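Here the structure is laid out as structure tokens; the discussion comes afterwards.
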């Protein structure tokens, strides 16, 4: 009778574990590389464990960017077994704060997709940082104050290339058809200055409003600058 109870208990335990199914667990959800020198490749290892009661099958691993490669050492894990997920980030052509997601898909019935994250801050080497262009505005906001409806008002923003290589203005976009922006020059040598004339057409507008002008350049540290204009339109 005692042996029968042991057999029944063992069978019940096994059946319960199998009913649990596979379960994918990671030891950490995020890893921060800190500062990364531009051009370097960095790698972190995430540990994946099957904490369930049945065979875990990793069916797909996909990164959110082509700059990131993710490869598990094994794609099938028995209950209690672990494997390494090697994630490599290539910082070539990147700059500033980076955050990439890696999606791990499996046959875990409760959580078929698990996401882990890597992040870091890509910095230039000493040689590169001494030779890049810098787009500098003496101001990035202007308030027209009270403007009579129907009037076209304008303001000129001044900027300078305060870096050590040629600055190129790649694109200028306004947030509204009522706003126009004209740049004096799209290419500036080190030390040269330029202007962006902004016009605001207040026709059929009323009340307080704000509009933005987005400037994209080859300044690697700050490739996107935003200018903001304000007005209080009255009849």
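In the working numbering, the protein residues as written are 28 to 262. Every residue, glycine too, gets a C-beta built ideally from N, C-alpha and C. Bear in mind the structure is a predicted one, so any value in this text is a computation, not a measurement.
Could you tell me the alpha carbon to alpha carbon distance between residue 109 and residue 121, rounded to whole angstroms? Looking up residue 109 in the chain shown gives position 82. Looking up residue 121 in the chain shown gives position 94. So the alpha carbons of these two residues sit roughly 33 Å apart.
Contact defined as beta carbons within less than 8 Å: I believe residue 181 pairs with residue 225. What is the distance between those atoms, to the nearest angstrom? Numbered from 1 along the chain shown, position 154 holds the residue referred to as residue 181. Numbered from 1 along the chain shown, position 198 holds the residue referred to as residue 225. Right, their Cβ atoms sit about 6 Å apart.
Between the CA atoms of residue 188 and residue 219 - distance to the nearest angstrom: On the chain shown, position 192 is the one that residue 219 refers to. On the chain shown, position 161 is the one that residue 188 refers to. Between residue 219 and residue 188, the alpha-carbon positions lie close to 6 Å from each other.
Which of the three DSSP states, helix, strand or coil, is assigned to residue 194? Position 167 of the chain shown, counted from the start, is the residue given in the question as residue 194. The three-state secondary structure of residue 194, taken from DSSP, is strand.
Please list, in chain order, all residues of the same chain as residue 10 whose beta carbon is under 8 Å from its beta carbon, the five residues on each side excluded. Lying outside 28 to 262, the shown extent of the chain, residue 10 is not represented and no answer is given.
With distances taken from CA atoms, which of 213, 255, 64 is nearest residue 171? For the purposes of this step, residue 171 is taken as the residue at position 144 of the chain shown. The shortest C-alpha separation from residue 171 is found at 255.
Considering only DSSP beta bridges, list what residue 181 is partnered with. For the purposes of this step, residue 181 is taken as the residue at position 154 of the chain shown. Paired residues: 226.
Are the CB atoms of residue 124 and residue 148 nearer to each other than 8 Å? Start at 1 with the first residue of the chain shown, and residue 124 comes out as number 97. Start at 1 with the first residue of the chain shown, and residue 148 comes out as number 121. With contacts defined as CB atoms closer than 8 Å, residue 124 and residue 148 qualify as a contacting pair.
Close beta carbons around residue 78, own chain, < 6 Å, minus the five adjacent residues each side: Numbered from 1 along the chain shown, position 51 holds the residue referred to as residue 78. Contacts found: 50, 52.
CB contact below 8 Å: residue 181 versus chain C: Reference to chain C is not applicable here, since this structure consists of a single protein chain.
Determine the burial state of residue 72: buried for a count of at least 16 other Cβ atoms within 10 Å of its Cβ, exposed for fewer. Within the chain shown, residue 72 is the residue found at index 45, counting from 1. Residue 72 comes out exposed.
Assign residue 6 to buried or exposed, taking buried as 16 or more other Cβ atoms, counted over all protein chains shown, within 10 Å of its Cβ. Absent from the structure is residue 6, since the part of the chain shown begins at 28 and ends at 262.
Are there three or more Cβ pairs, one per stretch, closer than 8 Å when the stretch 136 to 150 is compared with the stretch 158 to 166? Verdict: no, contact absent.
DSSP-derived helix/strand/coil call for residue 82: Counting from one through the chain shown, the residue named residue 82 turns up at place 55. DSSP places residue 82 in coil when its eight states are reduced to three.
Buried or exposed: residue 282, going by 16 or more other Cβ atoms within 10 Å of its Cβ? Residue 282 is absent from the structure shown; the chain starts at 28 and stops at 262.
Can you tell me which of the three DSSP states residue 112 falls into? The count along the chain shown starts at 1 and reaches residue 112 at position 85. Three-state DSSP puts residue 112 in a strand.
In angstroms, rounded to a whole number, what distance separates the CA positions of residue 202 and residue 232? On the chain shown, position 175 is the one that residue 202 refers to. On the chain shown, position 205 is the one that residue 232 refers to. Going from the Cα of residue 202 to the Cα of residue 232 covers about 15 Å.
Within 10 Å of its beta-carbon, does residue 214 have 16 or more other beta-carbons around it, so buried, or fewer, so exposed? Taking the chain shown and counting its residues from 1, the one referred to as residue 214 is at position 187. Result: exposed.
Taking residue 240 as part of the beta strand (DSSP E), name the residues at either end of that continuous run. In the chain shown, residue 240 corresponds to position 213, counting from 1. Per DSSP, residue 240 belongs to the beta strand (DSSP E) from 234 to 244.
Is it true that the CB of residue 258 sits closer than 8 Å to the CB of residue 150? Numbered from 1 along the chain shown, position 123 holds the residue referred to as residue 150. Numbered from 1 along the chain shown, position 231 holds the residue referred to as residue 258. At a Cβ-Cβ threshold of 8 Å, residue 150 and residue 258 do not count as neighbours.
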